[in-house]
């Protein structure tokens, strides 16, 4: 999390982040290693590190509170309202630049939880973090552990040799004492060693005979037995190549405050993407001491790559890949799956944060006030003040109150109240539109209900059962006008102009930089020439120490030396300045390339909307099966009209009408005959 925070706040670059992760990848305490790396390499200032540590600590506490609180709710010890209320209070604490507290401590202090309930939550969390069956031990539980025994020994044997054994029992040495006689046999020495229990790793008899025949080994010891050292194993590990826990506590602004609604984008992967890689465990090798006792090593644990739908496993069983494009998930049993759609099983609120996903989104509950769902096609149960942005279709199974929708496809919804909808396709509403604003490039279709106190702009016409009521504010209907596309084209044009302005500014900066670099290069050559001249003068002076003409100029060497120091310093400063300017120039070029790419995308988008506009001419008409209430304002592409008397089952359209013996565009109301 530390490197993510540093990236978010733009304290480090992506390259520095990658280098830091690689340097600390194998550290036992990754977070601590990363912190030390940033400090050691002087990548972060003390102030920046303090900000990161404070934010990091706050995030850790918030995440801990989220897990603890959810468990408390699941066990029925606190209500969901209590939990959300406490989380809101924690949010306000952080906003005031204070550190949050662990809610387990808060709830026990205010007696929301008793000690038994608190301990039950902790035990439940420990079970979830260490599920049974996830690891396999390679060491029998009941095996003895000889490593705990001190085998140290120093004793004189009857054969006149001193025997010394180290504490681990892995090595035995012998040396001759004053009682040693050359008549002793190798078999006798080996027999007495065996009497002491030394039976493994003994040297050959011939080597013992060499020990006997040698005149040495009275001060230097002879290694007579050597055990086999154990080889530690290595636990298996799995590295994931997607964000396994995207629900961070919240995005962080420049002041270090947390937006609890912004929990980060939903992970999305392309078909064929690497999802996880297993690094197999290395089996441990048991050792054996000189007493022929097994020396065990710590157990190693294996891990299993678990996967479900949307995932395929490599033939070697060590890598998992996405079978389809979609959202990858890692459940509590460590099983990886990929789904085409991101599914929110309940409401979108503080627990989930905004949903930002490149694919389809299915929300089975309610999109709550202040939260956003951003994806391709979006399907939601109810919208209660939430906002939807979709590159495809939007379906709201129930109603929408106080919400916003932007869709580049069709929108279908049960009812709309006090809301705003912008869409490229058709808007189909089952019941009613009340106190809302609608702008669509398609048609507005109301199957059974009324349009009340609303402002409707539709390009392909309006089809409704009832337009207004006697007691409501009159509606305003504009048909045959593609305001959505016009609005998008205006937005795109503004961005194009802004990007072009940015290009021009960058070109000016590049031109100025080039002039500066040219001038600095010329100055560099001048300095190099001065340095070479001063060095040549010194050389000539040093070659004629006895010359009476030059003898009086010896002090000139010192002057020249001081000049050389100054010129060298100026040259280095100038070269550093040139390198910085070159780096700045490369940055400007990269920004120009990015702007070129942005402009190309914007112009393609502009062309697509222009073609859409050309292929979809407006239909300036409205068909109302029930009543059109007097006072309704009708706007066509060219003319407007207020309906002065209530009409029923009519078709309203802009057409040529007779006026003062001539024809002109006007709004005509005719009976609707099927």
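In this note's numbering, the protein residues as written are 1 to 674. We put the CB at the ideal spot given by N, CA and C, even for glycine.
Query                                                                                                                                  : Result
Stretch-stretch touch, CB-based, cutoff 8 Å, three pairs: the segment 627-642 with the segment 456-469                                 : yes
Residue range of the beta strand (DSSP E) that includes residue 173                                                                    : 171-176
Between the CA atoms of residue 376 and residue 365 - distance to the nearest angstrom                                                 : 18 Å
8 Å CB neighbourhood of residue 286 in its chain, flanking five on each side removed                                                   : 230, 294, 295, 296, 297
The segment 207-220 / the segment 267-275 touching (three or more Cβ pairs under 8 Å)                                                  : no
Residue 224 versus 290, 271, 180, residue with shortest Cα-Cα distance                                                                 : 290
First and last residue of the uninterrupted beta strand (DSSP E) at residue 58                                                         : Where residue 58 is concerned, there is no enclosing beta strand (DSSP E), although the alpha helix (DSSP H) it sits in stretches over 46-74.
CB contact flag (residue 675, residue 581, <8 Å)                                                                                       : Lying before the first or after the last residue shown, residue 675 is absent from the chain, which here runs from 1 to 674.
Within the segment 187-244, ranges of the beta strand (DSSP E) (whole runs, at least 3 residues)                                       : 222-226, 237-240
Integer-rounded CB distance, given that residue 363 should sit under 8 Å from residue 266                                              : In fact, because the Cβ distance is near 12 Å, the residues do not count as touching under 8 Å.
Short Cβ contact (8 Å threshold) for residue 68 with residue 44                                                                        : no
Distance, residue 381 Cα to residue 369 Cα                                                                                             : 14 Å
Residue 495 - DSSP class collapsed to helix/strand/coil                                                                                : helix
Contacts around residue 180, its chain only, beta-carbon distance under 7 Å, and the 5 residues preceding and following it disregarded : 160, 161
Boundaries of the beta strand (DSSP E) in which residue 621 is found, first to last residue                                            : 621-628
Buried versus exposed call for residue 567 [16 or more other C-beta atoms within 10 Å across all chains shown]                         : buried
Cutoff 7 Å; reference residue 398; Cβ partners in own chain excluding five residues on either side                                     : 381, 382, 414
Own chain partners of residue 335 with C-beta closer than 6 Å, once the 5 adjacent residues on each side are dropped                   : 306, 308
As assigned by DSSP and simplified to three states, the class of residue 120                                                           : helix
Coil, strand or helix - residue 382 by DSSP                                                                                            : strand
Host alpha helix (DSSP H) of residue 22 (start-end)                                                                                    : 14-24
Nearest to residue 706 (by Cα), restricted to the options 182, 185, 155, 506                                                           : Lying outside 1 to 674, the shown extent of the chain, residue 706 is not represented and no answer is given.
In DSSP terms, what residue 328 is bridged to                                                                                          : 338
Local conformation of residue 677 per DSSP, three classes                                                                              : Nothing about residue 677 can be reported from this structure: the residues present for the chain run from 1 to 674 only.
Inter-residue CB distance, residue 167 and residue 198 (contact presumed, cutoff 8 Å)                                                  : Incorrect: roughly 15 Å between the Cβ atoms, too far for contact.
Cβ neighbours of residue 170 in the same chain (closer than 6 Å, five flanking residues each side left out)                            : 227, 289
Contacting residues, own chain, Cβ-Cβ under 7 Å from residue 607 (five flanking each side not counted)                                 : none
Residue 640 - partner residues in DSSP beta bridges                                                                                    : 635
contact_flag[the segment 475-484, the segment 612-632] where n(CB pairs < 8 Å) is 3 or more                                            : yes
Helix, strand or coil at residue 647 [DSSP, three-state]                                                                               : strand
Sufficient close CB pairs (3 or more, under 8 Å) joining the segment 422-442 to the segment 453-465                                    : yes
Separation of residue 103 from residue 49, as counted between CA atoms                                                                 : 26 Å
Three-state class that DSSP yields for residue 406 in the structure shown                                                              : strand
Residues near residue 164 in its chain [Cβ-Cβ closer than 6 Å; skip 5 each side]                                                       : 154, 173
Stretch pair the segment 74-93 + the segment 117-124: three plus CB contacts closer than 8 Å                                           : yes
Three-way DSSP call (helix, strand, coil) for residue 660 in this model                                                                : coil
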